[in-house]
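Report on the following structure.
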């Protein structure tokens, strides 16, 4: 373990940040369950549930109060993560990032309460869904920045290809995924998930008739899926072709490529099963995991760019 | 301990307390009912002058779909207290060839009249994890009392579009809440998000010329002489309208017909 690493915090902090990331991914899955089962208003009050800390977990309450419990746990983890990071981390920007994560989870909790109190207004519910993804990106970033691989210093690579650089390509992919998740949230919270009832065609055509805003939203999500898939394939093929020996680039790129195949299947199943709970919820959670993977890839691509290629360091620094 | 750590800890504590102090309810109990509905400033209508009658049968054509069994295992109390009547869906209830639970009403009340709002509340009870009645009509600002007769908790979620949406929790058996509905709205869905099979539909009117079809699909409306557009609305089969003219104290037979085939189209 290098001196640099010891100065910047402990392996414990990294593992804790990783654990918080996993719990956050699970929280997004549980949040997806709430919308998939339409249980968002099964508990009409907030912050208590039917005036209690722990109501009977029956019917829709199981999903809504379960979501609140997991959210409270993630909030608690984030408080510890923030305190731990601020107490031990030497890098000011990492400390600031942990404080940002804390404020994000706090805002997220308040938005969750407001969406219940104001009976699921689209704007608040969508913001709640999008902030969930943002918070997930923050904790994933914290896990990455506190990792030994990052703190020991990333290997440097020289991008030899003409055109768009790898960091920009990865950044573009992450932005496309994030925009697609916003569209997905809009689709869920405007009840547009079955506005186009068939797949892969739309009302038997390639371009559907835009008779309602819901059809436009749904179609925009499908169009977004095509763009995201394209950028992921582009990113993966570029890394497979030019940076295959860099495990810390190739692994997340391969993971992202495999996940997007799963995600397209889940999206199709969501329509074909008329929004059955399992594929619909898995579609939400997989979207978050793809975003998290893309964030890791993008940050590494940026961290490794503009330096000389040192293959020896690349193999020993994966997380 | 570094200063910044103390600052971060204090901020977290203060913000967490601030977040926990939010919340609120939307219980509308205690709102005073308005004295009358209908056109403001007009003479108050006397129901004794509604001497005409429009009555008939809401016929159901074709084979009614089998009543879907409700899966209540999500709440052991509901599963335990289910009866043959409460454990099947009331969406399509056909008896003697007639469709029940159809809201029948006059689309536009005679102009220039005001209508006294009944003081007696409409009561909707949650019993056996089932709304009773399933479909009802009422006047604007007539008290709507929601009761929980179950030993489990329910939320009453009024999915209003014209009225103010309401979502109230009733955690304890015997709880009662009054809901104020001050605008016309048909249909007005009411549902429990805890027990997704529980739903009910209300028709809220500014006049008293409305009813719900009962056994055999029969209905009857008392009306003052005049020409009316009569509307029949069903939760699955939608809406149908017909014109009718009643004079004096005559009784007009006005039948409606819904078919299983129409819903399948």
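Chains as they are written, first to last, in our numbering: chain S, 1 to 319; chain B, 1 to 265.
Cβ coordinates follow ideal geometry from the N, Cα and C atoms, glycine included.
Problem set entry | CA nearest to the CA of residue 57(S), picked from 94(B), 104(B) and 154(B) | As a position in the first chain, residue 57(S) is number 57, starting the count at 1. Taking only the C-alpha atoms, the option nearest residue 57(S) is 154(B).
Exercise. Measuring CA to CA, which of 93(B), 83(B), 111(B) and 117(B) is closest to residue 129(B)?
Worked result: In the second chain, counting from the first residue as 1, residue 129(B) sits at position 129. The residue with the shortest Cα to Cα distance from residue 129(B) is 83(B).
Problem set entry | Inter-residue CB distance, residue 297(S) and residue 170(S) (contact presumed, cutoff 8 angstroms) | Here residue 297(S) corresponds to residue number 297 of the first chain, with the count starting at 1. Here residue 170(S) corresponds to residue number 170 of the first chain, with the count starting at 1. Correct: roughly 5 angstroms between the Cβ atoms.
Exercise. Hey, does residue 124(S) have any beta-carbon neighbour from chain B nearer than 8 angstroms?
Worked result: On the first chain, residue 124(S) is found 124 positions in, with the first residue counted as 1. By this cut-off, residue 124(S) is not an interface position.
Exercise. Would you say residue 195(B) faces chain S, with C-beta separation under 8 angstroms as the test?
Worked result: Against the second chain, residue 195(B) aligns to sequence position 195. Yes - at least one Cβ of chain S is within 8 angstroms of the one on residue 195(B).
Exercise. Near residue 102(S), what residues of its chain come up, given a Cβ to Cβ distance below 6 angstroms and the 5 sequence neighbours on each side ignored?
Worked result: Counted from its first residue, the first chain places residue 102(S) at position 102. 78 and 82, listed in sequence order.
Exercise. My guess is that residue 147(S) and residue 189(S) are in contact by the Cβ rule of under 8 angstroms, so how many angstroms apart are they, rounded?
Worked result: Taking the first residue of the first chain as position 1, residue 147(S) is located at position 147. Taking the first residue of the first chain as position 1, residue 189(S) is located at position 189. Their Cβ separation, rounded to whole angstroms, is 35 angstroms, which puts residue 147(S) and residue 189(S) out of contact at 8 angstroms.
Exercise. To the nearest whole angstrom, what separates the beta carbons of residue 74(S) and residue 35(S), a pair I think is in contact under 8 angstroms?
Worked result: Sequence index remark: in the first chain, residue 74(S) carries index 74 (1-based). Sequence index remark: in the first chain, residue 35(S) carries index 35 (1-based). About 18 angstroms separates the two Cβ atoms, so there is no contact after all.
Exercise. Quick one, which of 225(B), 250(B) and 232(B) has its alpha-carbon nearest residue 111(B)'s?
Worked result: Mapped onto the second chain, residue 111(B) falls at position 111. The shortest Cα separation from residue 111(B) among 225(B), 250(B) and 232(B) belongs to 225(B).
Exercise. Rounded to whole angstroms, how far is the Cβ of residue 232(S) from the Cβ of residue 257(S), which I believe are closer than 8 angstroms?
Worked result: Taking the first chain and counting its residues from 1, one reaches residue 232(S) at position 232. Taking the first chain and counting its residues from 1, one reaches residue 257(S) at position 257. About 6 angstroms separates the two Cβ atoms, so the contact holds.
Problem set entry | Span separating the alpha-carbon of residue 242(B) from that of residue 249(B) | Translated into the one-based positions of the second chain, residue 242(B) becomes position 242. Translated into the one-based positions of the second chain, residue 249(B) becomes position 249. Rounded to the nearest angstrom, the two C-alpha atoms are 20 angstroms apart.
Problem set entry | Three-way DSSP call (helix, strand, coil) for residue 219(B) in this model | For the purposes of this step, residue 219(B) is taken as residue 219 along the second chain, with counting starting at 1. In this structure, DSSP gives residue 219(B) an extended state, which the three-state scheme calls strand.
Exercise. Where does residue 184(B) fall in DSSP's three states?
Worked result: One-based indexing of the second chain puts residue 184(B) at position 184. If DSSP states are grouped into helix, strand and coil, residue 184(B) belongs with coil.
Problem set entry | Reduced DSSP category for residue 147(B) - H, G, I as helix; E, B as strand; rest coil | As a first step, residue 147(B) must be located in the second chain, where it is residue number 147. Strand at residue 147(B).
For this session: Find out if the Cβ-Cβ distance for the pair residue 261(S), residue 174(S) is shorter than 8 angstroms.
Result: Counted from its first residue, the first chain places residue 261(S) at position 261. Counted from its first residue, the first chain places residue 174(S) at position 174. Cβ atoms of residue 261(S) and residue 174(S): not closer than 8 angstroms.
Exercise. Do you know how far the Cα of residue 157(S) is from the Cα of residue 86(S)?
Worked result: Your numbering for residue 86(S) matches position 86 in the first chain. Your numbering for residue 157(S) matches position 157 in the first chain. For residue 86(S) and residue 157(S), the distance between alpha carbons rounds to 32 angstroms.
Exercise. Does DSSP put residue 261(S) in a helix, a strand or coil?
Worked result: Your numbering for residue 261(S) matches position 261 in the first chain. It is helical.
For this session: Check residue 202(S) in the structure and name its three-state DSSP category.
Result: Counting from one through the first chain, the residue named residue 202(S) turns up at place 202. Residue state, collapsed to three classes: strand.
Exercise. For the stretch 85-99 of chain B against the stretch 149-168 of chain B, are there 3 or more C-beta pairs whose distance is under 8 angstroms?
Worked result: no
For this session: Give every residue of the same chain whose Cβ lies closer than 8 angstroms to the Cβ of residue 131(S), excluding the five residues on either side of it in the sequence, and list them in chain order.
Result: In the first chain, residue 131(S) corresponds to position 131, counting from 1. Once the five neighbours on either side are set aside, the close Cβ partners of residue 131(S) are 104, 107, 108 and 111.
Exercise. Using a C-beta cutoff of 8 angstroms, does residue 39(S) count as contacting chain B?
Worked result: For this step, residue 39(S) is matched to residue 39 along the first chain. Yes, residue 39(S) lies at the interface with chain B (some Cβ there is under 8 angstroms from its Cβ).
Problem set entry | Straight-line Cα distance separating residue 69(S) from residue 300(S) | Locating residue 300(S) in the first chain gives position 300, where the first residue counts as 1. Locating residue 69(S) in the first chain gives position 69, where the first residue counts as 1. Roughly 33 angstroms between the two C-alpha positions.
Exercise. Can you give the beta carbon distance from residue 45(B) to residue 98(B), rounded, assuming they're within the 8 angstroms contact cut?
Worked result: Along the second chain, one-based indexing puts residue 45(B) at 45. Along the second chain, one-based indexing puts residue 98(B) at 98. Rounded to the nearest angstrom, the Cβ distance from residue 45(B) to residue 98(B) is 30 angstroms, too far for a contact under 8 angstroms.
Exercise. Between which two residues does the alpha helix (DSSP H) carrying residue 126(S) extend?
Worked result: For this step, residue 126(S) is matched to residue 126 along the first chain. Looking at the DSSP string, the run of the alpha helix (DSSP H) that includes residue 126(S) is 122-145.
Problem set entry | Stretch pair the stretch 40-56 of chain S + the stretch 175-187 of chain B: three plus CB contacts closer than 8 angstroms | no
Problem set entry | Cross-strand partners of residue 253(B) (DSSP beta bridge) | Indexing the second chain from 1 puts residue 253(B) at position 253. Residue 253(B) pairs with 55(B).
For this session: Go through its chain and collect everything with a Cβ distance to residue 223(B)'s Cβ below 8 angstroms, but skip five positions before and after it.
Result: Working through the second chain from its first residue, we reach residue 223(B) at position 223. Excluding positions up to five away in sequence, the list reads 50, 52, 53, 54, 106, 209 and 246.
For this session: Return the CA-CA distance between residue 281(S) and residue 193(B), expressed in angstroms with no decimal places.
Result: Within the first chain, numbered from 1, the residue matching residue 281(S) stands at position 281. Within the second chain, numbered from 1, the residue matching residue 193(B) stands at position 193. Going by the C-alpha atoms only, they are around 18 angstroms apart.
Exercise. How many Å lie between residue 239(S) and residue 229(S) at the Cα?
Worked result: Residue numbering aside, residue 239(S) sits at position 239 when the first chain is read from its first letter. Residue numbering aside, residue 229(S) sits at position 229 when the first chain is read from its first letter. Roughly 15 angstroms between the two C-alpha positions.
For this session: Please say whether residue 44(S) and residue 168(B) have beta carbons closer to each other than 8 angstroms?
Result: Sequence index remark: in the second chain, residue 168(B) carries index 168 (1-based). Sequence index remark: in the first chain, residue 44(S) carries index 44 (1-based). Yes. Within cutoff.
Problem set entry | Contact between the stretch 129-143 of chain S and the stretch 193-209 of chain S (3+ Cβ pairs under 8 angstroms) | no
For this session: Name the residue from 148(B), 104(B), 118(B) and 236(B) whose alpha carbon lies nearest to the alpha carbon of residue 47(B).
Result: Looking up residue 47(B) in the second chain gives position 47. For residue 47(B), the nearest C-alpha among the options comes from 118(B).
Problem set entry | residue 84(S) beta carbon less than 8 angstroms from that of residue 16(S) | Here residue 16(S) is taken as the residue at index 16 of the first chain, counted from 1. Here residue 84(S) is taken as the residue at index 84 of the first chain, counted from 1. Contact flag set, yes.
Problem set entry | Assigned secondary structure, residue 228(B) (DSSP; H/G/I helix, E/B strand, else coil) | By 1-based counting over the second chain, the position of residue 228(B) is 228. Here residue 228(B) sits in strand by DSSP.
Exercise. Can you find a C-beta in chain S that's less than 8 angstroms from the C-beta of residue 169(B)?
Worked result: Within the second chain, numbered from 1, the residue matching residue 169(B) stands at position 169. Yes, its Cβ sits closer than 8 angstroms to a Cβ of chain S.
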